[in-house]
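Undergrad: The structure is given below, and queries will be raised subsequently.
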Amino acid sequence: MIRSVVLGAGAATPKHSVTNDQLAQKMETSDEWIVQRTGIEQRYIADSCETTASLGERAARLALKDCGLIPDDIDLIILATSTPNNTFPATSVEIQNRLGMKHGAAFDLQAVCTGFVFAMTTADTYIKSGQAKRILVIGAETFSRILDWQDRTTCVLFGDGAGAIILEAQECNGMMDDRGILTNHLRSDGSHKGKLYVDGGPSTTGTVGHLRMQGREVFKHAIGMIRDVVESAFEATGLDSDSIDWFIPHQANKRIIDASAKMLNIDSKKVVITVNQHGNTSSASIPLAIDVARKDGRLKKGDLVLIEAMGGGFTWGALIVRW
0 MIRSVVLGAG AATPKHSVTN DQLAQKMETS DEWIVQRTGI EQRYIADSCE TTASLGERAA
60 RLALKDCGLI PDDIDLIILA TSTPNNTFPA TSVEIQNRLG MKHGAAFDLQ AVCTGFVFAM
120 TTADTYIKSG QAKRILVIGA ETFSRILDWQ DRTTCVLFGD GAGAIILEAQ ECNGMMDDRG
180 ILTNHLRSDG SHKGKLYVDG GPSTTGTVGH LRMQGREVFK HAIGMIRDVV ESAFEATGLD
240 SDSIDWFIPH QANKRIIDAS AKMLNIDSKK VVITVNQHGN TSSASIPLAI DVARKDGRLK
300 KGDLVLIEAM GGGFTWGALI VRW
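Residue numbers (numbering that gives the first Met the number 0): 0 to 322.
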């Protein structure tokens, strides 16, 4: 059978990082307060010259370099983002142009913090159907553009960044020892919209708006939703928590990550945590975490990786991939 195999990966962050202490100089907060509640120690904030497209392009070029490919080798670009450069055209088309691609297709996908899982799943579907051989999957965000910097309960949580992977169609034996994506599971429930949303948009206010969140409500639902899709992934593959080499969750809040790992009986030593470095970068958080785990030598070829995310909407999803 055909599997979607990861060939390479790359990531990019803005030039400037902002520590909790630096935020405390501008608003009523403290390093202790932020770390205790979230595990975040710093985040990267884009300057006026850095955009979702420029960060996405940098991550894409690093992913291409990582596996020795050029833009002409790519058939399709899928960009997961909630902070596009423009209402239209799709920011993926701008990245396509920046890369010098004159062929193939590119489109954006919007599922907020679950965006990268949705994008990987969509790419997997294209590959298995034979519509593409190599796909560049990007998660890129400039969430600092939609934060209310007077709301200390939300503005301290988020950061900017981008990450990318390249998936390639490869023939495999159809067993669980195959490399590539082994299973994926997506969910959404629009009844939770009011718990995590942006209070603006072209069709409603004609403005960009700001992020609004009911933090306790999000936390309350997150654990159960994560369990739902992860257990579905285990059931579909016959795998379990002991089989997993690495758990790479969406990096929203260390307390959610810790509680999820405990609930799933995943050893804390198998959990990749980068929320302390990046904050919550929405659709970019998983590929940023992948990049860190690869660079420090943890994530290696053949490792079995569980990826999950939950975000506004609500949306949530999980997949298992053998690296």
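All C-beta atoms in this analysis are idealised placements derived from N, C-alpha and C, irrespective of residue type, glycine included.
Just so you know, these numbers come straight off a predicted model, no measurement behind them.
In angstroms with no decimal places, state the Cα-to-Cα distance between D198 and T280.
TA: 19 angstroms
Undergrad: Contact between the segment 6-22 and the segment 187-197: three or more CB pairs below 8 angstroms?
TA: No, the segment 6-22 is not in contact with the segment 187-197.
Undergrad: Name, in chain order, the residues that DSSP records as bridge partners for M309.
TA: W315
Undergrad: Buried or exposed for S143, please, with buried defined as at least 16 other CB atoms from any protein chain shown within 10 angstroms of its CB.
TA: buried
Undergrad: Considering just the uninterrupted stretch of the alpha helix (DSSP H) at V217, what are its terminal residues?
TA: 214-236
Undergrad: Can you give me the start and stop residues for the alpha helix (DSSP H) that Q130 sits inside?
TA: Careful: Q130 lies outside any alpha helix (DSSP H) and carries neither H nor E.
Undergrad: Restricting to Cα atoms, I'd like to know which of D302, D159, T203, N252 is closest to A58.
TA: With respect to the C-alpha of A58, the residue from D302, D159, T203, N252 having the closest C-alpha is D159.
Undergrad: Quick check on the DSSP output: the alpha helix (DSSP H) that includes N19 runs from which residue to which?
TA: 19-23
Undergrad: Are the beta-carbon atoms belonging to D244 and L195 less than 8 angstroms from one another?
TA: no
Undergrad: Counting along the chain, where does the beta strand (DSSP E) carrying N183 start and finish?
TA: 179-187
Undergrad: If you measure between the beta carbons of T80 and E140, is that distance less than 8 angstroms?
TA: yes
Undergrad: Looking at L156: is its Cβ nearer than 8 angstroms to the Cβ of I256?
TA: no
Undergrad: Tell me whether N264 is buried or exposed, calling it buried when 16 or more other Cβ atoms sit within 10 Å of its Cβ.
TA: By the neighbour-count rule (16 or more Cβ atoms within 10 Å), N264 is not buried but exposed.
Undergrad: So what's P13 in DSSP terms, helix, strand or just coil?
TA: coil
Undergrad: Whole angstroms are fine: how far does the CA of P286 sit from the CA of G9?
TA: Straight-line Cα distance between these residues: approximately 8 angstroms.
Undergrad: Check L146 in the structure and name its three-state DSSP category.
TA: In the structure shown, L146 adopts coil according to DSSP, grouped into three states.
Undergrad: Between the segment 208-223 and the segment 179-187, can you find at least three pairs of beta-carbon atoms closer than 8 angstroms?
TA: no
Undergrad: Could you tell me which residues DSSP puts in a beta bridge with V4?
TA: E167
Undergrad: Buried or exposed for H102, going by 16 or more other Cβ atoms inside 10 Å?
TA: exposed
Undergrad: Just tell me which of E230, P201, I222 has its CA closest to the CA of T86.
TA: Comparing Cα-Cα distances from T86 to each of E230, P201, I222, the minimum goes to P201.
Undergrad: Is it the case that the Cβ atoms of I137 and A161 are separated by a distance below 8 angstroms?
TA: yes
Undergrad: Among I180, C48, G316, which residue has its Cα nearest to the Cα of P13?
TA: C48
Undergrad: Would you call D295 buried or exposed, if buried means 16 or more other Cβ atoms sit within 10 Å of its Cβ?
TA: exposed
Undergrad: Going by DSSP, what residues sit across from F115 in a beta bridge?
TA: Beta-bridge pairing links F115 to no other residue.
Undergrad: Does A161 come within less than 8 angstroms of chain C when only Cβ atoms are used?
TA: The question asks about chain C, but that chain is absent: this structure has only one protein chain.
Undergrad: For G99 and R254, I'd like the C-alpha separation in whole angstroms.
TA: Inter-residue distance for G99 and R254 is about 42 angstroms (C-alpha atoms, whole angstroms).
Undergrad: By alpha-carbon positions, which one of N183, T90, D147 ends up nearest to V116?
TA: N183
Undergrad: Restricting to Cα atoms, I'd like to know which of I319, N252, L166, I225 is closest to M262.
TA: Closest in alpha carbon position to M262, among I319, N252, L166, I225, is I225.
Undergrad: Going by alpha carbons, who is nearest to Q213 out of T153, G173, L63?
TA: T153
Undergrad: For the beta strand (DSSP E) that V197 lies in, which residues bound it at each end?
TA: 195-197 is the extent of the beta strand (DSSP E) around V197.
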